[in-house]
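What follows is a short report on a single structure.
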Amino acid sequence: MTVIPERSAGVIPFRLDPKGEPEYLVLHSALVRNPRAKWEFPKGTVESGETLVQAAVREFIEETGLTHHRLIDGFERSLSYTYVRKGRKIQKTVTYFLVEVLDAASLTRSAEHIEDLFGFWCFWGSFKQIHNLLYHAKIRQVFLEADQFLKWRIVSPPHQIGSQPPTPTETPDGPTAGGDPIPHAEDLPSSTGFQSLPPDSHLPPEQP
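As structure tokens, this is what we get:
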């Protein structure tokens, strides 16, 4: 079977709480078929002529409506996986960047997202809460590296001479869906609608 390469790009959005601790944003996909893998970070296909960063930021804005943000220099991580689509084997590589959300007031649901059983299509949470919502081991590892990098930047500003990012620590083995995640469709038209964010008691069950 011929392998067809595809490139996607996305962002790991965060904001700082009043104590200076990061809170991360995930979205509940309407298109991922695996019900345990529906919480994910914004991402999408790199279009012709786009750089990875341009594609990641465009997808982020299309999926959230958040325009007041800034890209964090120095963080770029990729993961790859294969899956079969319409009888063709796809080798997909997804590259993630870190984006700080400076104003979340315009957060708007796109057609790519749907409410979960509790009525929530998005969630801001701590590293532990978001890590428990992510299903696939590879994205959980990328998320761990993003969290470590971000906390290093907060403690050790980039201008500080001799400062170096931490060596990533591997996450515990997590569940996988037969080794291959089911990606979501890209570039659907946007729609509006905003839900309040769930309290901890309404989070989906933690994964084993």
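So for the sequence shown, the UniProt record's numbering puts the first residue at 1; every next one is plus one.
No residue lacks a Cβ here, since even glycine has one placed at the ideal position from N, Cα and C.
A direct Cα-Cα distance of roughly 25 Å separates residue 2 from residue 50.
Every unbroken stretch of the alpha helix (DSSP H) spanning 4 or more residues and falling wholly within the UniProt domain "Nudix hydrolase" (4-148) is given here in chain order: 52-64 and 127-133.
Here the region 77-84 does not lie against the region 23-35, with fewer than 3 beta-carbon pairs under 8 Å apart.
A distance below 6 Å between beta-carbons, with the five flanking residues on each side excluded, links residue 55 to the following residues of its chain, in chain order: 9 and 46. Taking C-beta atoms as the reference points, residue 96 and residue 70 fail to come closer than 8 Å. Under the criterion of beta carbons closer than 8 Å, residue 21 and residue 42 do not qualify as touching, at roughly 21 Å. Of the residues 16, 85 and 154, the one whose Cα lies closest to the Cα of residue 125 is 16.
With a threshold of 16 other beta carbon atoms within 10 Å, residue 110 meets it and is buried. Straight-line spacing of the CA atoms in residue 18 and residue 142 works out to 25 Å. Between residue 146 and residue 12, the gap from beta carbon to beta carbon is short of 8 Å. Less than 8 Å separates the beta-carbon of residue 102 from that of residue 68. Taking residue 114 as reference, the option from 7, 40, 6 and 14 with the minimal CA-CA separation is 40. If you check the CB distance, residue 92 and residue 6 come in under 8 Å.
For residue 120 and residue 98, the gap between their C-alpha atoms comes out near 23 Å.
About 24 Å separates the CB atoms of residue 52 and residue 122; that is not less than 8 Å, and the two are not in contact.
Taking the CA atoms as reference points, residue 136 sits about 7 Å from residue 37. Taking the Cβ atoms as the reference, residue 89 lies roughly 7 Å from residue 4, within the contact range of under 8 Å.
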